[in-house]
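*Asks:*
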Amino acid sequence: MKTIRIIGVPEHFNLPWHLAMEDGAFEDRGINLEWTDIPEGTGKMCQLLKDNKADLAIILTEGIIKSISQGNPSKIVQEFISSPLLWGIHVAAESSRNSIQDLQDDKVAISRFGSGSHLMAYVNAQNQGWDPEKLQFEIINNLEGAVKSLNEGSGAYFMWEHFTTKPLVDKGIFKRLGDCPTPWPCFVIAATDSFLGSQPGALKHILEVINTYTEEFKQIPSIDRTLANRYGQKLDDIKKWLSKTIWGQHQLSEETLLNVQEKLLSLNLIEEIKQPDTFLPPNH
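Each residue of the sequence shown is one higher than the one before, starting from 175 at the first, in the numbering used here.
Encoded structure:
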């Protein structure tokens with residue numbers, strides 16, 4: 175048995191991995207897949223890949239592209255979610271602010287620098303016609319940290335995946351002022367260069383297994399109920415989310431790589447556009 179360390183967020187997108195592990199699908203291929211939830215998200219996962227504390231990550235596209243561009247010794251091996259991510263824009267429930275326009279001069283609560291909540295704040299600022307250079311941030315680590323900060327009067331706003339935060343909106347903990355979708359496929363599977371070099375066969379098996387599960391995922395009987403129960407979501411919300419979400423089984427296109435890099439460059443988040451082989455393994 176080869177032990178392979180994989181990390182991802184504790185969100186509904188990743189259920190196919192857990193179902194495959196529970197079915198013993200990786201063990202059947204001689205692989206002990208060791209999953210660790212990373213509630214802090216992409217910024218933390220980039221660091222874990224860089225420090226070689228994980229072999230694989232299910233990670234936000236823009237976050238890992240920025241990190242690899244800045245020297246993270248990792249590659250994107252495949253798309254995981256081909257549809258955009260819908261980022262809800264939240265304030266404390268009691269806040270007097272009622273529209274995204276009201277947030278222009280406010281701080282942004284982010285899980286950490288380099289995370290999706292950080293990078294998408296720039297995308298949103300650009301969409302709104304604000305000066306992204308004027309954004310100010312406070313680090314809250316994770317969703318729990320955001321709840322604490324916003325409800326203790328920080329006056330910040332917080333961007334996080336729409337359906338993950340929906341229960342907090344329903345409970346009157348957050349108020350959602352709108353959404354900001356990613357202009358690209360939102361999640362990819364990334365691997366460290368050292369893992370790619372040493373375990374190419376294991377990676378091939380892992381991708382074959384997960385692609386079989388994601389291709390058939392929406393056809394699983396009562397999958398909407400399973401998701402709602404496991405992730406504390408309302409059935410109607412899960413149905414909406416499922417209808418918008420597409421799992422991918424192919425490599426990220428060079429066109430998407432260029433699109434993400436151009437956006438990051440326009441926001442001064444990377445220094446230059448790099449060639450596809452910086453981000454994708456050989457023979458991609």
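Idealized CB from N, CA, C, for every residue including glycine.
Count the other CB atoms, across all protein chains shown, that sit within 10 Å of the CB of Pro190; report buried if there are 16 or more and exposed otherwise.
*Replies:* Pro190 comes out buried.
*Asks:* Give the secondary structure of Arg286 by DSSP, where H, G and I count as helix, E and B as strand, and everything else as coil.
*Replies:* DSSP places Arg286 in coil when its eight states are reduced to three.
*Asks:* Just how far apart, CA to CA, sit Glu208 and Asp276?
*Replies:* Near 44 angstroms, if we compare the C-alpha coordinates of Asp276 and Glu208.
*Asks:* In three-state DSSP terms, what is Asn315?
*Replies:* Reduced to three states, the DSSP call for Asn315 is coil.
*Asks:* Who are the near neighbours of Lys281 in its chain, counting only those whose CB is closer than 6 angstroms to its CB and skipping five residues on each side?
*Replies:* Excluding residues within five positions, the ones whose Cβ falls inside 6 angstroms are Gln310, Glu312, Ala330.
*Asks:* Considering Ile121, what are the terminal residues of the beta strand (DSSP E) in which it resides?
*Replies:* Outside the shown range of the chain (175 to 458) lies residue 121, about which nothing can therefore be said.
*Asks:* Give the straight-line distance between the Cα atoms of Ile238 and Ile250, rounded to the nearest whole angstrom.
*Replies:* In a straight line, the C-alpha of Ile238 is about 8 angstroms away from that of Ile250.
*Asks:* DSSP state of Ser372, grouped into three classes?
*Replies:* The answer is helix: DSSP assigns Ser372 an H, G or I state.
*Asks:* From the DSSP secondary-structure annotation, give me the bridge partner or partners of Tyr331.
*Replies:* DSSP lists Val282 as partners of Tyr331.
*Asks:* Would you mind sorting Asn246 into buried or exposed? The rule is 16 or more other CB atoms within 10 Å of its CB.
*Replies:* Looking at its Cβ environment, which holds 16 or more other Cβ atoms inside 10 Å, Asn246 is buried.
*Asks:* From what residue to what residue does the alpha helix (DSSP H) around Trp191 run?
*Replies:* Per DSSP, Trp191 belongs to the alpha helix (DSSP H) from 189–196.
*Asks:* What separation, rounded to the nearest whole angstrom, lies between the Cα atoms of Val265 and Arg271?
*Replies:* Val265 and Arg271: Cα-Cα distance of roughly 8 angstroms.
*Asks:* Within this structure, are the beta carbons of Pro258 and Pro355 separated by less than 8 angstroms?
*Replies:* Yes; because the gap between Cβ atoms is below 8 angstroms, this pair is in contact.
*Asks:* Return the residue from the list Leu441, Lys349, Asp410, Asp451 that minimises the CA-CA distance to Asn325.
*Replies:* Asn325 has its Cα closest to that of Lys349, out of Leu441, Lys349, Asp410, Asp451.
*Asks:* Taking C-beta to C-beta, are Phe369 and Asp197 nearer than 8 angstroms?
*Replies:* Against a cut-off of 8 angstroms, the Cβ pair of Asp197 and Phe369 comes out as no contact.
*Asks:* Using a Cβ-Cβ cut-off of 6 angstroms (strictly less than) and excluding sequence neighbours within five positions of Ala402, which residues of its own chain qualify?
*Replies:* Excluding sequence neighbours, Ala402 sits near Leu409, Ile412.
*Asks:* Find out if the Cβ-Cβ distance for the pair Glu253, His424 is shorter than 8 angstroms.
*Replies:* Yes, the pair counts as a contact, with Cβ atoms nearer than the cut-off.
*Asks:* Using 8 angstroms as the Cβ pair cut-off and three pairs as the minimum, do the stretch 360–367 and the stretch 301–309 touch?
*Replies:* Contact between the stretch 360–367 and the stretch 301–309 is absent, because fewer than three Cβ pairs lie under 8 angstroms.
*Asks:* How is Leu441 classed by DSSP in three states: helix, strand or coil?
*Replies:* Coil, per DSSP.
*Asks:* Excluding sequence positions up to five away, which residues of its chain have a Cβ less than 6 angstroms from the Cβ of Val343?
*Replies:* Same-chain partners within the cutoff: Arg350.
*Asks:* Measuring only the C-alpha atoms, how far is Leu193 from Gln278?
*Replies:* So the two alpha carbons sit approximately 42 angstroms from each other.
*Asks:* Give the C-beta separation of Glu428 and Pro450 to the nearest angstrom, bearing in mind that I take them to be a contact with Cβ-Cβ under 8 angstroms.
*Replies:* The Cβ separation is near 5 angstroms, so the contact holds.
*Asks:* Can you tell me which of the three DSSP states Asn385 falls into?
*Replies:* Here Asn385 sits in helix by DSSP.
*Asks:* Starting from the C-beta of Gly352, find all residues in its chain whose C-beta is less than 7 angstroms away, skip the five residues before and the five after it, and write them out in chain order.
*Replies:* Cβ within range, chain order: Ile263, Ile274.
*Asks:* So Asn188 and Ile232 are in contact, right, with Cβ under 8 angstroms, and what is the actual spacing, rounded?
*Replies:* Yes, they are in contact, since the Cβ atoms of Asn188 and Ile232 sit about 6 angstroms apart, within 8 angstroms.
*Asks:* What separation, rounded to the nearest whole angstrom, lies between the Cα atoms of Ser243 and Met175?
*Replies:* Cα to Cα, the separation comes out at about 34 angstroms.
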